[in-house]
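*Asks:* Residue numbers (the working numbering), protein chains in the order written: chain A, 12 to 493; chain B, 31 to 286. Shown below is the structure under consideration.
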């Protein structure tokens with residue numbers, strides 16, 4: 012190994028700053044999954060009958076399905092009967108009405124995570140629907156949003172206040188039969204966020220949810236549904252982290268986005284689940300289904316993700332471009348270090364005429380990490396004049412990691428155009444030494460080079476998030492060079 | 031002045047191996063403050079190795095000898111510490127760092143140097159003013175400000191960028207590794223003007239070059255000829271002219 016490579020090795024991998032456990036009395040259902048558990052979850056949430064039925068249909072379908080293994084990731088068999096499917100912090104009987112009622116320990120947790128609700132919310136104008144394990148415990152800025160007519164609620168609450176919207180849209184983009192993990196989620200999802208932006212409304216602030224898995228051995232199954240009615244605009248931020256555990260924890264979320272005529276949804280994720288230790292023990296299995304549908308004309312859905320955590324990341328935020336002239340975008344930075352594995356990318360399904368999609372994927376591999384980009388661009392016969400541009404870049408740090416690219420293209424319309432560019436590069440000893448020779452230390456140099464590599468994605472993130480993403484990236488690559 | 035007695039750079043019997051091959055074979059060289067020395071020599075004589083070993087490049091192993099910089103043991107310092115202490119290496123082949131803005135890198139570099147000197151971080155406004163001023167000296171286009179480090183630069187642009195960095199960082203000891211290679215005559219004059227603008231009694235410069243062309247514009251105080259990892263001959267600038275006329279075989283033959 013060259014000097015530079017050795018430096019790289021020793022700089023990657025410092026401790027996981029967010030690995031602490033909050034000791035809160037949790038109301039946890041015994042491990043295992045059957046119809047009774049599903050009914051129990053539904054009952055605990057006081058859900059309408061249609062939803063209980065929907066969950067049960069999903070469970071029955073799931074029982075006929077097999078865990079998929081086509082992704083370029085490896086993990087030991089998951090015992091789905093050993094997972095507890097419901098965990099709610101047990102504070103007061105009828106959930107907190109305001110921040111003052113929120114368990115101070117929870118708030119402390121958010122402080123440690125850098126999400127001081129009141130401060131951050133006030134300063135940044137962000138409404139946070141904080142999901143702690145499975146139940147939303149604090150929601151802010153409700154009034155201001157309500158004045159604009161925007162509905163931003165924990166999913167479990169929206170089920171009671173807006174059942175007609177849920178019944179109309181839930182599963183309309185990701186049906187309960189979609190795939191093994193999405194189907195499991197449909198049966199047991201515990202909570203998540205619900206957003207409805209009415210016609211012509213520009214959401215007055217960025218909406219944000221901070222997910223966190225806390226209880227031992229609980230899977231986290233959030234369900235997020237965002238509906239942007241005609242001519243509306245909304246930007247949604249999702250941040251995730253999980254405490255440090257030796258066991259692997261399953262996270263199987265589903266996010267559905269629906270954009271009607273001329274609506275714009277921007278969905279940004281910074282994912283920092285616990286990645287496991289340097290030897291690859293523990294960490295989150297992040298098996299997530301995210302899909303948006305541009306249902307109306309000139310609708311626009313944009314996914315931006317910065318994935319630095321999780322032992323395994325397996326997700327493909329996708330766009331179904333149904334409305335004529337609609338646009339889908341996917342901007343991604345995925346980092347793997349130590350023994351992390353990521354198989355991530357997107358699907359752009361062009362149905363409508365003159366639909367456009369852009370895919371920018373930046374994969375960073377360090378340590379023994381394995382990073383796969385998997386993408387599908389599909390041009391249906393109806394997609395006259397549709398266009399796609401894809402760019403996949405990989406950056407390797409050190410000699411034991413891997414980068415893989417699987418771009419699939421299915422073009423069934425001769426007027427559609429698909430462009431693909433790909434590159435693989437290394438942080439070279441030359442680049443590193445160049446920075447050192449200018450007085451910049453190795454760690455700063457790596458951060459500098461990596462941020463340069465990710466620039467075209469970071470610029471898509473909302474400002475505060477971009478700063479956080481850059482810091483996270485620096486933390487997750489600590490020890491990559493030394 | 032007692033300080034003047036301490037040389038800027040004193041290299042004694044330096045032996046350096048790269049990949050197990052001995053490149054410098056007991057090189058001895060002294061540069062006083064305020065002087066410009068030219069290092070000339072045929073290909074493979076160890077010129078670039080000398081430049082890199084002074085900057086602390088990993089993989090260049092010093093097996094014997096010493097290097098003192100302003101009286102300090104230069105070899106004990108990490109590369110970034112050397113830079114912060116005022117040693118600047120102008121690269122023969124500056125690398126591209128895609129997506130990293132030129133100005134951003136330069137500012138990070140200047141702040142690293144300032145921090146080491148106990149100065150506060152440079153004010154963003156002042157910094158931009160400083161860079162613009164130096165860009166004019168180097169006749170660098172405004173678009174430079176928004177481009178990535180050496181990204182898509184021509185050979186000449188890269189070299190001018192090296193000198194621009196030097197002008198902003200104001201090193202005490204500049205080591206310029208074949209900064210003149212690949213430059214046309216106009217670019218050469220610009221680079222030379224840049225180097226000359228930094229000449230002062232408290233600064234020294236080691237100009238590594240294959241040809242004496244640059245030395246017409248950056249007039250050296252001393253010219254050394256490096257042959258097989260050792261100084262074979264030293265003299266004033268007429269030595270460079272004679273070398274150009276007679277070729278390196280003349281010195282090589284003598285040294286052998």
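Every residue gets a Cβ at the ideal spot worked out from N, C-alpha and C, and that includes glycine. Since this is a predicted model, take the numbers as computed values, not measurements.
1) For the beta strand (DSSP E) that contains residue 318(A), what are its first and last residues?
2) When you check each C-beta in the region 437–461 of chain A against every C-beta of chain B, which residues fall closer than 8 Å?
3) Taking 8 Å as the CB-CB limit, is residue 15(A) close to chain B?
4) From the DSSP output, in three-state form, read off residue 196(A) for me.
5) On the CB-based measure, 16 or more other CB atoms within 10 Å of its CB, does residue 273(A) come out buried or exposed?
6) Would you call residue 173(B) buried or exposed, if buried means 16 or more other Cβ atoms sit within 10 Å of its Cβ?
7) Closest to residue 454(A) by C-alpha separation, out of 408(A), 350(A), 219(A), would be which residue?
8) Report all residues from its chain with a CB closer than 6 Å to the CB of residue 427(A); omit the five preceding and five following residues, and keep chain order.
9) So if DSSP puts residue 384(A) in a beta bridge, which residue, or which two residues, is it bridged to?
10) Per the DSSP calculation, residue 8(A) is bridged to which residue(s)?
11) Give the straight-line distance between the Cα atoms of residue 89(B) and residue 40(B), rounded to the nearest whole angstrom.
12) Closest to residue 300(A) by C-alpha separation, out of 88(A), 236(A), 85(A), would be which residue?
13) Taking 8 Å as the threshold, find out whether the region 214–224 of chain B comes into contact with the region 100–118 of chain B through three or more Cβ pairs.
14) Please work out which residues of its chain come closer than 8 Å, Cβ to Cβ, to residue 78(B), disregarding the five sequence neighbours upstream and downstream, and give them in chain order.
15) Give me the Cα-Cα distance between residue 244(B) and residue 222(B), rounded to the nearest whole angstrom.
16) Using the three-state DSSP reduction, which class does residue 465(A) fall into: helix, strand or coil?
17) If you measure between the beta carbons of residue 265(A) and residue 185(A), is that distance less than 8 Å?
18) Bridge partners of residue 76(A), per DSSP?
19) Among 270(B), 230(B), 259(B), 214(B), which one has its Cα closest to the Cα of residue 92(B)?
20) For residue 265(B), which residues in chain A fall below 7 Å Cβ to Cβ?
21) Can you tell me whether residue 421(A) is helix, strand or coil according to DSSP?
22) Please work out which residues of its chain come closer than 6 Å, Cβ to Cβ, to residue 238(A), disregarding the five sequence neighbours upstream and downstream, and give them in chain order.
23) Which residues in chain B sit within 8 Å of residue 464(A), going by Cβ to Cβ distance?
24) Check the Cβ-Cβ distances between residue 109(B) and every residue of chain A, and say whether any is below 8 Å.
25) Residue 159(B): buried (16+ other C-beta within 10 angstroms of its C-beta) or exposed?
26) When you compare the CB positions of residue 171(A) and residue 57(A), do they come within less than 8 Å of one another, or not?
27) Please tell me whether residue 133(B) has its Cβ less than 8 Å away from any Cβ of chain A.
28) Please work out which residues of its chain come closer than 7 Å, Cβ to Cβ, to residue 32(B), disregarding the five sequence neighbours upstream and downstream, and give them in chain order.
29) Measuring only between beta-carbons, confirm whether residue 124(B) sits less than 8 Å from chain A.
30) Under the assumption that residue 200(A) contacts residue 234(A) (Cβ atoms under 8 Å), give the Cβ distance between them as a whole number of angstroms.
31) How many Å lie between residue 233(B) and residue 100(B) at the Cα?
32) Please report the residue range of the alpha helix (DSSP H) in which residue 198(B) lies.
33) Counting only C-beta atoms, is residue 195(B) closer than 8 Å to chain A at any point?
34) In chain A, which residues lie less than 7 Å from residue 87(B) when you measure between Cβ atoms?
*Replies:* In short:
1) 311–318
2) 439, 440, 441, 442, 444, 445, 446, 447, 448, 449, 450, 451, 452, 453, 455, 459, 460
3) Low confidence applies here, because residue 15(A) scores a pLDDT of 46, under 50, leaving its location unreliable and the question unanswered by this model.
4) helix
5) buried
6) exposed
7) 408(A)
8) 390, 394, 397
9) 355(A), 416(A)
10) Chain A is shown from 12 up to 493; residue 8(A) falls before or after that span and cannot be answered.
11) 22 Å
12) 236(A)
13) no
14) 122, 207, 208, 238
15) 7 Å
16) helix
17) yes
18) In the DSSP output, where bridge partners are listed per residue, residue 76(A) has none listed.
19) 259(B)
20) Ordered by position in chain A, no residue passes the 7 Å Cβ test against residue 265(B), which lies about 30 Å from the chain.
21) strand
22) 180, 207, 269
23) 128, 129
24) yes
25) exposed
26) yes
27) no
28) Any reading at residue 32(B) must be qualified, since the residue scores a pLDDT of 44, below 50, and its modelled position is unreliable; the value itself is stated next. If we look at residue 32(B) and ignore the five residues flanking it on each side, it has no Cβ neighbours.
29) yes
30) 4 Å
31) 11 Å
32) 185–199
33) yes
34) 444
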